[in-house]
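What follows is a single structure, written as structure tokens, with notes after it.
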Amino acid sequence: MLDFPKWKIWSIWLTIGLCALLALPNALPPSMLASIPDGLPKSQLPLGLDLRGGSHLMLEALPTDVEKAKLESLEETVRGELRAAEGGAIGISDLSLAGNRLSFSVTELARTDQAVQILNKVTAPLGLGASREVEVARGSVPGQIVLTPTQAGINAAVDSAMAQAVEVIRKRIDELGTREPTIVRQGATRIVVQVPGLQDPEALKALLGKTAKLEFKLADVTADQVEVSQGRAPPGSQILPVQDGGTMVVKRRAIISGDQLVDAQVSTDQNGAPAVSFRFDSTGGRRFAQATTENVGKPFAIILDGVVISAPNINEPILGGSGIIMGNYTVQSANELAILLRSGKLPVELKVVEERTVGPDLGADSIRAGAIASIVAVLAVALLMVVTYGRFGVYAVVALFFNVIMILGIMSAAGFTLTLPGIAGMVLTIGAAVDANVLINERIREEQRKGRGVVASIETGFKEASRTIWDANSLNIIVAIIMFAFGSGPIKGFAVVLSIGIATSVFTAVTLVRLMVSRWVASSRPQSLSI
Amino acid sequence: MPLKLVPDNTNIGFVKLRFIAFALTLLLTIGAAGLLAVRGLNLGVDFVGGLTMQVEFAQAPAIDTLRERVDRVGVGDSALQEFGNDRTILIRLPLPEGDQSAVQRVVGKVRTALEKDYQGVKFARVESVSGKVSDELIKDGLWAVGLSMLFVALFTWFRFEWYFGVSTVVALVHDVVVTLGFFSLTQLEFDLNIVAAVLTIIGYSLNDKVVIDDRVRENLRKYRQMDIKQIIDLSVNETLPRTVMTSVTLLAALVALLILGPEVIFGFTAAMVLGIVVGTYSSIFVSSSLLISLGVKPRAAAVEDKRAAGAERIG
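Quick mapping for you: the protein sequence lines, in order, are chains A and B.
Residue numbering for the first sequence follows the UniProt record's numbering, beginning at 1 and increasing consecutively.
Residue numbering for the second sequence follows the UniProt record's numbering, beginning at 1 and increasing consecutively.
Structure representation (structure tokens):
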């Protein structure tokens, strides 16, 4: 029990040395950290938002929104493909998006087959083994065609919308100039955004809460005012609210959308008020030029997220591919809109379902209080151990010291985040890690009382206590793993520290202490034990 | 001479006290459960959804004036609470209808109102949780506690005998219910962190029980002719120095955290301090004596000899 082969001694100290090396960067100032050559460990323990201050936001998309968006884009496809059909455009009518499906009637019944064929082709699955995302079928009425997205299609749409949303969010946050945001998807419809050290979380939330879908639509000036006042728009048109109040009738089909923007910047209008100027890409520019040329003298609407922000008249064809949006902006709101337009629209509306923001001062207070508490805890436990067990207590305290270093080293290297509950976990580990030593030492005392010799007592003490330590720690690991699996954010941090602490404490409190005891026994051959 | 918290050859008749202990335990558990049923828990926004703002003032505000000020903003019924010191106030508000911008508007309104009337006010922490998320958090929390109990029971059953599994889980239920009762009594906020604390209590209370169970098993094997009551008493007394010493070191560390640590985790630490005390009590007085009532016999442990041999040595 007390014999240690050379290789074992070496590997014990090597393990501890390695962990100490991994933990070392935490003790260095940033200037020295920068000068560490590559290849050597230099990652510091990442601090959780509750310690460094910052915002944690959980955003959620409604899958029904994605389905709706999917149907809308399907409508675009159907209209575009049928218009471009071989042998001239296929006319359609009675288009409806009700009931999670797209239905319409082909005006020339004879061309129904051709329409079905075209639609089957454009909705054919991409790639080998891919399942159909849309079912194309004939409706009950002759000439009617019904397109229904399949579950696989909806799942794929949600998935790609969320992936796209992550990119858009990243762009928007980058525009704010924030350091190291964490943006990860969680589950099928959620995105978690963590932005450390933010001074103004309100600006962030304002940016994330908007879809920023920009559209340009022609005004429908021929609409019957009486019908409109009763909330009924003519076919092919829709009624939209206007930002400054009132409503406006516009053509349902957009001439152009924000997807074709390449740039948007804050500028001023002719009166010097803040505005947002934008530029289209070349195709967008051509389409804009064509549409404005065809509609000189008519008003059109600039629509953001379903609200008309302005409705200027087309005085002359706009050929340069750029334009300006005026809408009673302040410099700040104009800047916000410019950022939104530059980063593109979110494919789906996201709602904040959970927010946790901690000010940087509170975080710093927590670190300070946590550090003081940890130091006092170590001193109190160390004092108790040394007073109670003398030399064996000193060994336990040395092991405790190395245990803390090992936890820090492993966490730094693995990149686990230290949270406030994590600090509590550290303090708890300090209190609990010596349990193994208490078990061993009490057992040695018992064996002594039974009148056994020094070496026999120590050997039996370690052997008998080891089984108990094994049982107790396995149970604690089970509980910590369950906590990790079900906990969120900070609690995960607690569970991580606890699990690592349990594992390292068995190593330091049992193996390392046994090594120290065996060295001492071998070198000084004690005749009696004071324990 | 080293300090001994428990003198050598201590021999306390725990088994004799068992019926008093059972009665007390039952009383505590029922009392705590009753308290939970009547008073309930002061559930934090994690579990009921809503909005919490931790606001720091330059001088201690008069709570009533402040409450009136917040209510005048017209964003729902507020609940105010001092947090650690009289300059820090926790303001709880119901989650407004509508989307996130509604939450922002509420925070904005309260901020504007307070900044006008109180110089140098700071919003140190803002948390908002929607009803949907809080329902999920409740579900996850219950799952975590339930699964922990189940695994613990299975593990003790596998490693020892079913008697040990049952007595351990009974004692653990007591530990958890009493801790929850404490939160009902003090109306300290019950949030996600407290669930973590409860899980930790389960873990460490188990430590004590496993150590004693382990010794009971060892003694059952060693003294096959001895009366079971004597064996239990012997085992509990033999492990008493360890039980006391470990609880004292844990408490020393946790009390340091309780007094000096950050206010945000006060409830978390308080739960664990209480849990250690309750867990130690139930380990010494309840779970081991319960083995007698469950009818554990020396011969029952003998079958376990082989199974335990596998894990004799570690480290």
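Just so it is clear, CB atoms sit at the ideal spot from N, CA and C, and this is done for glycine as well.
Check                                                                                                                         : Outcome
Pick from Q54/B, G108/B, Q81/B that is closest to G74/B, judged by C-alpha positions                                          : G108/B
Chain-order list of residues whose beta-carbon lies under 8 Å from that of S499/A (same chain, five-residue window excluded)  : I477, A480, I481, F484
Per-residue DSSP class, three states only, for E127/B                                                                         : strand
Three-state secondary structure assigned by DSSP to N42/B                                                                     : strand
Identity of the residue in P196/A, L95/A, I407/A, T211/A nearest R253/A by Cα                                                 : L95/A
Cβ-Cβ distance between V177/B and T269/B below 8 Å                                                                            : no
With 16 other Cβ atoms within 10 Å as the buried cut-off, status of M32/A                                                     : exposed
Chain-ordered residues of the stretch 467-483 of chain A with a beta carbon less than 8 Å from chain B                        : R467, T468, I469, W470, D471, A472, S474, L475, N476, I478, V479, A480, I482, M483
Sheet register partners of L207/A (DSSP bridge)                                                                               : Per DSSP, none; premise fails for L207/A.
Cutoff 7 Å; reference P274/A; Cβ partners in own chain excluding five residues on either side                                 : V266, T268, Y329, T330, V331, A334
Beta-bridge pairing of T145/A - partner residues as DSSP gives them                                                           : Note that residue 145/A corresponds to Ile in the displayed sequence, not to Thr. Looking at the DSSP assignment, I145/A forms a beta bridge with F104/A, R138/A.
Within-8 Å CB hit, R307/B to chain A                                                                                          : Caution is warranted here: a pLDDT of 49 is assigned to R307/B, below 50, making its placement in the model unreliable, and no coordinate value can be reported.
Minimum C-alpha distance to A369/A - residue among I423/A, L71/A, P347/A, L346/A                                              : I423/A
Cβ shell of S528/A (< 8 Å), same chain only, five flanking positions each side left out                                       : V454
Proximal residues to A212/A (C-beta, below 6 Å), its chain only, five neighbours per side dropped                             : L340, K345
Own chain, CB closer than 6 Å to I16/A, minus 5 neighbours either side, in chain order                                        : F402
V248/B versus D208/B - alpha carbon distance                                                                                  : 13 Å
Three or more C-beta pairs below 8 Å linking the stretch 222-231 of chain A and the stretch 302-321 of chain A                : no
DSSP bridge partner residues for R92/B (one or two, in chain order)                                                           : T52/B, A79/B
Within-8 Å CB hit, A153/B to chain A                                                                                          : no
Inter-stretch contact (C-beta, 8 Å, three-pair minimum) for the stretch 179-193 of chain B and the stretch 269-284 of chain B : yes
P7/A, buried or exposed, once every other Cβ within 10 Å from all chains shown has been counted against 16                    : Position check: residue 7/A holds Trp in this sequence, whereas Pro was assumed. So W7/A ends up on the exposed side.
Under 8 Å between C-beta atoms of S374/A and M426/A                                                                           : yes
Residues bridged to H56/A [DSSP beta-bridge criterion]                                                                        : Q194/A, R356/A
Residue of S257/A, I255/A, G431/A, S237/A minimising C-alpha distance to M248/A                                               : S237/A
For P241/A, three-class secondary structure by DSSP                                                                           : strand
Contact set between R356/A and chain B, taken where Cβ atoms lie within less than 9 Å                                         : R125, V126, E127, S128, V129
Sequence ranges, alpha helix (DSSP H) only - wholly within the stretch 215-259 of chain A, length at least 4                  : 225-229
Best match in V146/A, A165/A, S105/A, A414/A for proximity to T123/A [C-alpha to C-alpha]                                     : V146/A
Burial state of A309/B (16 or more Cβ within 10 Å)                                                                            : Per-residue confidence for A309/B stands at a pLDDT of 47, beneath the threshold of 50, marking its modelled position as unreliable; no derived number is given.
T168/B vs G275/B beta-carbon contact at 8 Å                                                                                   : no
Anticipated Cβ contact below 8 Å, L51/A with G359/A, distance rounded                                                         : Wrong, their Cβ atoms sit about 12 Å apart, outside the cutoff.
Assumed close pair V381/A, G431/A - CB separation to whole angstroms, cut-off 8 Å                                             : 6 Å
Contact residues within the stretch 337-370 of chain A, judged by C-beta distance below 8 Å to chain B                        : K351, V352, V353, E354, E355, R356, T357, V358, G359, D361, L362, D365, S366, A369, G370
Alpha helix (DSSP H) runs wholly inside the stretch 401-469 of chain A, at least 4 long, in chain order                       : 420-449
Chain A residues whose Cβ lies nearer than 7 Å to that of Y204/B                                                              : A432
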